[in-house]
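Numbering (the working numbering), first residue to last: 6 to 455. Using N, Cα and C, we set each Cβ at its ideal position, and we do this for glycine too.
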C-alpha cells in the first residue's frame, strides 16, 4: 500500500494499488502499456455510461425519491503520468466524469466512498469547526493478491502469475462469493481481475454500502482463518471439536478438490525434501513425521502418492487424536484458503481500482469475472490495450451505435457487467428508492393527521 498526496495538502488515506516502482512504464514493450493508446481507449472504448449508472445506484433518475447529489459526493482519484495523484475529485453527472477522464487520461482510476458533502469542497466545510466531512457509504470490498501465496506456490513469485497458480484466485472467488451470498444474504457481488496479480470484489447491496467500519471488520474476521506469518510453522489452526459450517462447506466443496486434483501436481508440493519438510512441520507428532520422512527419502514417489500416505497414517486407527486427524484439513487450508488484504475491507475510506482500468504494467484491462464461470477465466487471455486498438483499427469488429467496445474483444466483458450485474442491481436500487420514498410520504401523512 502507498500513501497518497491529495491535490491540496496531504490527506493520509489508503489507496489500493501497485508499489511506486510498479508504475514505471516500459514504452519499448510493443504489446504493453502506451499512454498515447490510452487516450484512444478512453475516447472510444471505456464504458462510461455503465460505470456512471453503477455508481449512481439509481439516483440519476427522475423519481422524486432520488438523491441527485449522490454521484457528486463520491470521491474519485486519478493517478497521472509521473505518479501524480489527484485526490478528492467529484463529478455531478456522467458527462462530467467522462470529460475529466478524457482530458486527464489517468493511468489509473481509484474509487472512494460517498461522503456526507462534496469531497472537492471539503475544506470549505471544515472551516466551520464541525467535522461534517465523513464517509457515509462505500461498497464492501475485498482484495486478494497472488503474491500473498508465495510460500505455497513454486511456479511463480511476486506479481508473476501463470495457469498453474491462478487456481488459487479461483478458489478465493468460489469460497468468498458463496459465503457472501449464502451466509450474509448479499445479491449484487462484482468480481474484477486486477489487471495483473489478483482479484477485487465489490459488494454493492444497499445494506453492504452502509456498513460501519466495525461491521466491516466483523465480516473480515468471519473469513479470517489464515493467521500465521512468514515465521510461523503452523499458519492455520482449526480449533474446536467441529469446524464451523462455513469452513466445512469451503473444505468439502472447494478446497479439498483443488488441493488434491490441481495444486498437488501443478505445484509439486512433495517434490523434494525442502518442500515436504514444510508440510511435515505442520504435524505435531514426531513419530508420524519421522515415519513419513523415512518413506519419502527412501522411495521416489509422486506427489499424490505421498499425500495419500500422509492421509492414511493420520487417519489410521492407531492415530486417534483429533488434533492429528485435523492436521489434514489444516494443511489443505494452509495451501488453499483465501488470503485477504484485510485493511482494504475494514475501512470505508479505502480506495480501490475501478473496473475497466488498464493496468500500466501489463496493459491488460481490469475486466469483470463471472463467479459462475471463474474456472474458465484465463488472465493471460484478458484483452490488452494494444489488442483493443488493433481491433478498432482493423475494422474486423463492428459495434452497434456508439458502443465501440461492442466491436472489440472487450464486448463480452461489458455485456456481462451490464446484463448480469448492473441491470439486476439497478432494479433493486429503484425498488429501494421507491420503498423509502413511500415510507417517508406515509410518515408525513401520519404526522399531519395527528
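With a 10 Å radius around its C-beta and 16 neighbouring C-beta atoms as the bar for buried, classify residue 120 as buried or exposed.
As a working mapping, residue 120 is identified with position 115 in the chain shown. Per the 10 Å Cβ criterion, buried.
Report yes or no: is there a C-beta of chain D within less than 7 Å of the C-beta of residue 158?
Among the chains of the structure shown, chain D does not appear; only one protein chain is present.
Answer yes if the segment 347–367 comes into contact with the segment 186–194, meaning at least three C-beta pairs across the two stretches below 8 Å, and no otherwise.
no
Report the three-state DSSP secondary structure of residue 3 (helix, strand or coil).
Given a span of 6 to 455 for the chain in the structure shown, any question on residue 3 remains unanswerable.
Here's the rule: buried if 16 or more other CB atoms are within 10 angstroms of the residue's CB, otherwise exposed. What is residue 175?
For this step, residue 175 is matched to residue 170 along the chain shown. Under a 10 Å Cβ-count criterion, residue 175 is classified as buried, with 16 or more other Cβ atoms of the shown protein chains found around its own Cβ.
Exposed or buried, residue 302, counting other C-beta atoms within 10 Å across all chains shown (16 or more means buried)?
Position 297 of the chain shown, counted from the start, is the residue given in the question as residue 302. Residue 302 comes out exposed.
Determine the direct distance from the alpha carbon of residue 163 to that of residue 26, and round the result to whole angstroms.
On the chain shown, position 21 is the one that residue 26 refers to. On the chain shown, position 158 is the one that residue 163 refers to. Residue placement at residue 26 cannot be trusted, given a pLDDT of 37 that sits under 50; the coordinates are not used to answer.
Quick one: give me the first and last residue of the alpha helix (DSSP H) that residue 94 is part of.
The residue given as residue 94 occupies position 89 in the chain shown. Counting along the chain, residue 94 falls outside any alpha helix (DSSP H), though it belongs to the beta strand (DSSP E) covering 89–94.
For residue 188, does the three-state DSSP call read helix, strand or coil?
The count along the chain shown starts at 1 and reaches residue 188 at position 183. Coil, per DSSP.
Excluding the five sequence neighbours on either side, which residues of its own chain have a C-beta within less than 8 Å of the C-beta of residue 269, listed in chain order?
Locating residue 269 in the chain shown gives position 264, where the first residue counts as 1. Here the set comprises 275, 308, 309, 312.
Residue 46 and residue 390 look like a contact to me (Cβ under 8 Å); what is the Cβ gap, rounded to whole Å?
Against the chain shown, residue 46 aligns to sequence position 41. Against the chain shown, residue 390 aligns to sequence position 385. The pair is a contact, with the Cβ atoms about 6 Å apart (cut-off 8 Å).
Measuring straight from C-alpha to C-alpha, what distance separates residue 16 and residue 378?
If you number the chain shown from 1, residue 16 lands on position 11. If you number the chain shown from 1, residue 378 lands on position 373. Low confidence applies here, because residue 16 scores a pLDDT of 45, under 50, leaving its location unreliable; read the following figure in that light. Computed Cα separation, rounded: 40 Å.
Which class does residue 299 belong to by DSSP, given the choice of helix, strand or coil?
Counted from its first residue, the chain shown places residue 299 at position 294. Three-state DSSP puts residue 299 in a helix.
Identify, in the order they occur along the chain, each residue of the same chain with its Cβ nearer than 8 Å to the Cβ of residue 256, setting aside the five sequence neighbours on each side.
Residue numbering aside, residue 256 sits at position 251 when the chain shown is read from its first letter. So the qualifying residues of the chain are 248, 334, 337, 338.
Using a Cβ-Cβ cutoff of less than 8 Å, which residues in the same chain neighbour residue 329 once the five nearest sequence positions on both sides are dropped?
As a first step, residue 329 is located in the chain shown; it is residue number 324 there, counting from the start. 288, 289, 290, 293, 319.
What residue from 128, 86, 445, 95 has the CA that sits closest to residue 113's CA?
Taking the chain shown and counting its residues from 1, the one referred to as residue 113 is at position 108. Selection 128, 86, 445, 95 evaluated against residue 113 yields 86 as nearest (Cα-Cα).
Can you say whether residue 253 is buried or exposed, counting buried as having 16 or more other CB atoms within 10 angstroms of its CB?
Counting from one through the chain shown, the residue named residue 253 turns up at place 248. Label assigned to residue 253: exposed.
Hey, which unbroken runs of the alpha helix (DSSP H) at 4 residues or more fall wholly within the segment 340–404?
347–351, 390–399
Starting from the Cα of residue 222, find the closest Cα among 347, 443, 89, 440 and give me that residue.
For the purposes of this step, residue 222 is taken as residue 217 along the chain shown, with counting starting at 1. Residue 347 is the option with its Cα nearest to residue 222.
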